[in-house]
């Protein structure tokens, strides 16, 4: 081949390679800008253009995985992270991305395996975060003792401590150890700004220990911190009901009905029962009508139907029996 032609072909090849490099680099810069702006869908499209030229561009792959995670496409994020781990096994970030997305889709075993690998290795990842999330995997698998062990390894001064202490408390609750759960929740309050759920759980623990005044104290804090905490209103309603403070019970059940669609049936049961006890039949029937629509097969609802029918037909009914039915079911 003529030497001049050969040189020309080499120059053309170098020129095309240079164009590809410039195009790749330009798209990568734009994609990273979109990523920072949280425009993840468009960022992914540009990362794909980069990867069409350079299939092993680690920056494009890593940010693409994080973009998939941000928009809830966790299986896609896992796929990209696994590809990265295959080609860049020395970088622990990719295994952590896979672990995190496995956790988010509740594949706790897979996440736990990756987190255990990371905890056993030498890397710069935050050990507090790794212990927290492995503890959450154990928690999700209902291995509460192992979960407690991992949550207890999180440094109390770290940003993860409040969450670790909360879930340590929940783990103790599942093990029927309210005293230890209380210590964890109180420690969470001591070490940082906490969610209303911590105060709610303290209320639940004290209620289980028959310390209703302390339970009310914490339920009150829970609803002050979050006026939409339906479960706290529900428990306050039941405590007031047991104390024969029926108007206060009705107020709390009404608030629970207003703010908490999930627990609405339970709140309706409580308010209907309260109305029955004070012989407010019309109001009780109104709530029972809602219950018949929501949970017609519920045994307690069936019992309420029988009681109201007896009251409407003026048949005698034993109020002590009514109380017993309510206490057994609320």
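Residue numbers (my numbering): 1475 to 1804.
Glycine included, every Cβ here is placed at the ideal spot set by N, Cα and C.
Anticipated Cβ contact below 8 Å, residue i with residue j, distance rounded
| i | j | result |
| --- | --- | --- |
| residue 1628 | residue 1606 | 5 Å |
| residue 1536 | residue 1567 | 7 Å |
| residue 1720 | residue 1752 | 5 Å |
| residue 1656 | residue 1689 | About 11 Å; that fails the 8 Å criterion. |
Sequence-distant residues of the same chain with beta carbon closer than 6 Å to residue i, five excluded per side
| i | result |
| --- | --- |
| residue 1724 | 1745 and 1748 |
| residue 1618 | 1645, 1648 and 1649 |
| residue 1738 | 1731 |
| residue 1706 | 1674, 1693, 1696 and 1697 |
| residue 1602 | 1628, 1629, 1632 and 1634 |
| residue 1788 | none |
Same chain only: Cβ atoms within 8 Å of residue i, ignoring 5 sequence neighbours per side
| i | result |
| --- | --- |
| residue 1544 | 1512 and 1514 |
| residue 1496 | A caution first: residue 1496 carries a pLDDT of 45, below 50, which makes its placement in the model unreliable, though a value can still be read off. Correct list: empty, nothing qualifies. |
| residue 1775 | 1743, 1762, 1765, 1766 and 1769 |
| residue 1540 | 1509, 1551 and 1571 |
| residue 1524 | 1498, 1501, 1502, 1505, 1531 and 1534 |
| residue 1782 | 1750, 1755, 1758, 1759 and 1762 |
Cβ-based neighbour list, residue i, same chain, cut-off 7 Å, excluding 5 preceding and 5 following
| i | result |
| --- | --- |
| residue 1740 | 1708 |
| residue 1670 | 1696, 1699, 1700 and 1703 |
| residue 1578 | 1548 |
| residue 1672 | 1640, 1659, 1662 and 1663 |
| residue 1620 | 1612 |
| residue 1520 | 1501, 1504, 1505 and 1508 |
| residue 1604 | 1589, 1592 and 1593 |
Opening and closing residue of the alpha helix (DSSP H) in which residue i lies
| i | result |
| --- | --- |
| residue 1694 | 1686–1699 |
| residue 1677 | 1670–1682 |
| residue 1635 | 1635–1648 |
| residue 1513 | Taken as a continuous stretch (DSSP letters only), residue 1513 belongs to no alpha helix (DSSP H), as it is neither H nor E. |
| residue 1663 | 1652–1665 |
| residue 1535 | 1532–1544 |
Proximity test, Cβ basis, 8 Å: residue i and chain D
| i | result |
| --- | --- |
| residue 1677 | Among the chains in the structure shown there is no chain D, since it carries only a single protein chain. |
The region 1652–1667 / the region 1693–1708 touching (three or more Cβ pairs under 8 Å): no
If we require 3 or more residues per run, which beta strand (DSSP E) segments fall completely within the region 1747–1773? none
Where are the alpha helix (DSSP H) runs, 4 residues long or more, that stay fully inside the region 1716–1741, in chain order? 1720–1733
To test your reading of the DSSP string, which unbroken alpha helix (DSSP H) runs of 4 or more residues are found completely within the region 1552–1622? 1566–1578, 1582–1594 and 1601–1614
Whether or not the region 1592–1612 and the region 1635–1645 are in contact is what I'm after, with contact meaning three or more pairs of Cβ atoms, one per stretch, closer than 8 Å; do they touch? yes
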